[in-house]
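Notes for the one structure printed next.
Protein chains in written order, with our numbering: chain E, 1 to 343; chain D, 1 to 343.
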């Protein structure tokens, strides 16, 4: 057991814990974006062959989950636990997929940070031996999110240029034990940070301080410098939040400018009219599981840190005049060759 | 490490993991009920001194959390992790309390099963050494739940006699290591079970099969007979769901009739006009943390199993004609005297 135990630490260290397989399913806009070649499973129609957007969102997660299990070379009944969440009220997408999969299930909610929240928890349960195989996943859908958080798409509401585009897709990963491949080495759990932003379109600006807090805590806990990572990737700060993050970390004498990328900015081309970039649970899940881990397998990166950010508000809290509490959960990935010692 | 590893098992076995302290805060109706003497912190007014019901719900959880930390003889900054959830969209009660507490936080959603979902996860993280002290909690409020899931109370909608009354309150517990006191010995994670019930007032009937499934799995995994428990307590099946549970288990040759009680039925007196009984995240949390664990400390019970049930639907899934998926998570508690061997 290598868990760090000092009080105040927020970072878990995992032992021989790896990604056994991933599954990613995306909508048309995500397929057309710059990372489309890394998303082999996609749909041309945002209804995903279903009769409601809610069922479409569920279908994305169900298919991503089953793909992850297949890619892990496992059968569904070998999975000990399914950890999942989404943006919908009462996380009904995850609940209904759990019913379909017939697996022991725990629902989690961290808004767009759910991708790394579920993966961190899955890794802790596998590392400690409580579970052999845990499936972690999340999903979002542009049309379900628009009508729940803002207005139905058909209403045609104007959006400010700092707004973001909720990604349509789902990502899942199976975590298990192993000594080589894509290892999950650490997770740093976020605190809830609220700098008083009240505009629900301005999520990148609201979430940047939470990402800065978690990255600083991760580097402190692990005694690593940022440059020990090939990349530090945030979930969905997009084009407005990203420069704020870099500035906030500079004020703490941490420079990640050359290492930083953002899933929300990577997912779409500016010509796709997504304003500041992508968002939604799926953004960090599909970019991480679909693209970044493949880049690691292809040898492009050895060690990366994925910091999934989440805005923990609801339309009711906004209407009641509350500001937007935000969080960020970080997970470190490292590629280990077979025979290499597991650090 | 005593975690059970056989595939298909859903039961975790904890090592030297105990309840260090609990905190319970209730509204007026819960204080007036049969367990009122075990709820020293209560409010006469359902606004809990706040100007909205949502803020009232938050205040309940914040106060329960702080009370649990104080009763565990710890300071807030000694808590490694806060795991919490509630019934509101995007679990905003938990999110806003996490912001106030400034602790590393992960949100969980299991509807009324959130009480034992958070406690099971907390116990796994403490047992494995990933965290020293984890705070687990949840809350619900009658007026916020009514207006979100059904109609605002002021509308005066009639309810069928099998409907349940959402409890106003919050419960929290701090989990840590130890060898005597109230030990958390096992947790069995629920699958999602859906028998096709579509009436959102009929939750006891919808949830009973999930409770039966989890209890049967727990007894199978632990190779225990029901009578090795002094009590098997369900979350909130109330007066309609409880006899169904007993019948469903009889069909599997498991007899719990003499051992079974239900938090939703225990919380109110029939004269309090709650129809079939109590429900809501808070029901199982306040009855378990406020009453049952105190009864164990008073020597009335040696070993109990608490099976928190949850209905994982939303108003949207109901309106779209879907049935109600349900789950149940079980946690076993055992009183150990100092010096007694920890099993």
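All residues carry an ideal CB built from backbone N, CA and C; glycine is no exception.
Coarse secondary structure for residue i, derived from DSSP in three states
i: residue 251 of chain E; result: coil
i: residue 66 of chain E; result: helix
i: residue 152 of chain E; result: coil
i: residue 179 of chain D; result: coil
i: residue 287 of chain E; result: helix
i: residue 294 of chain D; result: helix
i: residue 10 of chain D; result: coil
i: residue 274 of chain D; result: coil
i: residue 197 of chain D; result: coil
i: residue 312 of chain D; result: coil
i: residue 55 of chain E; result: helix
i: residue 188 of chain E; result: strand
i: residue 267 of chain D; result: coil
i: residue 169 of chain D; result: strand
i: residue 304 of chain D; result: strand
i: residue 279 of chain E; result: strand
i: residue 131 of chain E; result: coil
Range covered by the alpha helix (DSSP H) that runs through residue i
i: residue 260 of chain D; result: No alpha helix (DSSP H) contains residue 260 of chain D, which is instead part of the beta strand (DSSP E) from 260–262.
i: residue 317 of chain E; result: 315–319
i: residue 398 of chain E; result: Nothing in the structure corresponds to residue 398 of chain E, since chain E is present only between 1 and 343.
Presumed contact (8 Å Cβ cut-off) between residue i and residue j, rounded CB distance
i: residue 185 of chain D; j: residue 332 of chain D; result: 5 Å
i: residue 48 of chain E; j: residue 59 of chain E; result: 5 Å
i: residue 246 of chain D; j: residue 256 of chain D; result: 6 Å
i: residue 291 of chain E; j: residue 35 of chain E; result: 5 Å
i: residue 65 of chain D; j: residue 23 of chain D; result: 6 Å
i: residue 248 of chain D; j: residue 209 of chain D; result: 6 Å
i: residue 217 of chain E; j: residue 10 of chain E; result: 5 Å
i: residue 320 of chain E; j: residue 52 of chain D; result: 6 Å
Cβ-Cβ distance between residue i and residue j below 8 Å
i: residue 62 of chain D; j: residue 87 of chain D; result: no
i: residue 263 of chain D; j: residue 234 of chain D; result: yes
i: residue 26 of chain D; j: residue 168 of chain D; result: yes
i: residue 75 of chain E; j: residue 21 of chain E; result: no
i: residue 95 of chain E; j: residue 325 of chain D; result: yes
i: residue 134 of chain E; j: residue 81 of chain E; result: yes
i: residue 113 of chain E; j: residue 198 of chain E; result: no
i: residue 309 of chain E; j: residue 211 of chain E; result: yes
i: residue 97 of chain E; j: residue 316 of chain D; result: no
i: residue 116 of chain D; j: residue 242 of chain D; result: no
i: residue 334 of chain E; j: residue 303 of chain E; result: yes
i: residue 108 of chain E; j: residue 299 of chain D; result: no
i: residue 68 of chain D; j: residue 141 of chain D; result: no
i: residue 236 of chain E; j: residue 279 of chain E; result: yes
i: residue 192 of chain D; j: residue 99 of chain E; result: yes
i: residue 182 of chain D; j: residue 293 of chain D; result: yes
i: residue 39 of chain E; j: residue 29 of chain E; result: no
i: residue 138 of chain D; j: residue 190 of chain D; result: no
i: residue 148 of chain D; j: residue 203 of chain D; result: no
i: residue 90 of chain D; j: residue 314 of chain E; result: yes
i: residue 312 of chain D; j: residue 33 of chain D; result: no
Span of the beta strand (DSSP E) around residue i
i: residue 334 of chain D; result: 326–336
i: residue 25 of chain D; result: 17–26
i: residue 140 of chain D; result: 134–140
i: residue 224 of chain D; result: Premise fails: residue 224 of chain D is in no beta strand (DSSP E) and is neither H nor E.
i: residue 106 of chain D; result: 105–109
i: residue 234 of chain E; result: 231–234
i: residue 124 of chain E; result: Where residue 124 of chain E is concerned, there is no enclosing beta strand (DSSP E), although the alpha helix (DSSP H) it sits in stretches over 114–127.
i: residue 83 of chain D; result: 81–86
Contact set for residue i: own chain, Cβ-Cβ below 6 Å, skip 5 residues either direction
i: residue 288 of chain E; result: 306
i: residue 120 of chain D; result: 187, 329, 331
i: residue 41 of chain D; result: 25
i: residue 19 of chain E; result: 173, 182
Residues near residue i in its chain [Cβ-Cβ closer than 7 Å; skip 5 each side]
i: residue 16 of chain E; result: 177, 178, 179, 342
i: residue 229 of chain E; result: 259, 303, 304, 305
i: residue 123 of chain D; result: 14, 17, 175, 184, 187
i: residue 239 of chain D; result: 265, 276, 277
i: residue 226 of chain D; result: 219, 232, 254, 255, 256, 259
i: residue 145 of chain E; result: 87, 166, 280
beta-carbon residue i near the ligand GDP non-hydrogen atom, thresh 7 Å
i: residue 103 of chain D; result: The ligand GDP is not part of this structure, which contains no ligands at all.
Neighbourhood of residue i by C-beta, 8 Å cutoff - its chain only, sequence neighbours within 5 removed
i: residue 104 of chain E; result: 80, 81, 82
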